[in-house]
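Numbering (the UniProt record's numbering), first residue to last: 1 to 310.
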């Protein structure tokens, strides 16, 4: 019977494997092949140029700017999102002090979870419309109007949130944090609910405070979820195409003002669709893939810890 199980297993694996190679691996190989040519995207003929596209990329000031912006997003987006999600999840699930040794969570925890998760159900298009109104560069904008009412801003000189080179990238970062915290709050909440309450009660009986309970009990037991979340958010930070192209000024696919919100994905699409430099754009796509793989590997390696069983 031992020798019969292998054809059975292969029979189940062969179809998913063929589909994965066809729709995932092969497009990557095609992209790398096109990146070595001067393909314009519309022509059926193209010439092999070797690594000229890659050499040109690292002499391209716009691409270097876009890469730097992605690095900033890779640093700040996971840190802010995960810290806020962990804090809110901890308060919602084990932040209460009135019942059962403080392991019941705050009052109205179920309602708070719904409120925090609500932005996650909004599509990117709705986010763009919503925050387009929030960041409007006149006194009719929600944020500017609020500041004017508080007399923190002159109505005749409103802040140009999405046109200010020093503010635009951080405004986009806040949009994604607002939209993403709820998802990770629910993720961490589910992980926290699987932790036996006896552990929290024992820690509290030993005199542990709220901060000690979080850092000594909750965080170590949630580390696998935090690690996975960090990788997922880092992958998203390498994209950021929709928000930039929908909210920022620019000739095609946003990125303004003057490339101060440019990311690699928007520059790739501009070269591919607007400038007809498809081989050059494919080289950018390969760079994005490599950076994403490197960041994911480093994150998994640096954040690796011994698994704690309970």
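Cβ coordinates follow ideal geometry from the N, Cα and C atoms, glycine included.
Only a predicted model underlies this, so the values are computations on that prediction, with no experimental measurement involved.
Our two residues, residue 153 and residue 127, have alpha carbons roughly 25 angstroms apart in a direct line. Annotated three-state conformation of residue 40 is coil, per DSSP.
Straight-line measurement puts the Cα of residue 21 at about 25 angstroms from the Cα of residue 269. Out of 215, 188, 237, 256, the CA that lies nearest to the CA of residue 224 is found in 188.
The residue among 257, 63, 32 with its C-alpha nearest the C-alpha of residue 169 is 257. Inter-residue distance for residue 167 and residue 281 is about 28 angstroms (C-alpha atoms, whole angstroms). Taking every protein chain shown into account, the CB of residue 125 has fewer than 16 other CB atoms within 10 angstroms, so this residue is exposed. For residue 146, the secondary structure class from DSSP, reduced to helix, strand or coil, is helix. The DSSP assignment places no complete run of the beta strand (DSSP E) inside the stretch 54 to 126 (cut-off: 3 residues).
The continuous alpha helix (DSSP H) containing residue 228 extends over residues 223 to 237. Going by beta carbons, residue 88 and residue 116 fall inside the 9 angstroms limit.
Nearest neighbour of residue 49 by Cα position, chosen from 301, 287, 279, turns out to be 279.
For the options 300, 185, 276, the alpha carbon positioned closest to that of residue 40 is the one of 276.
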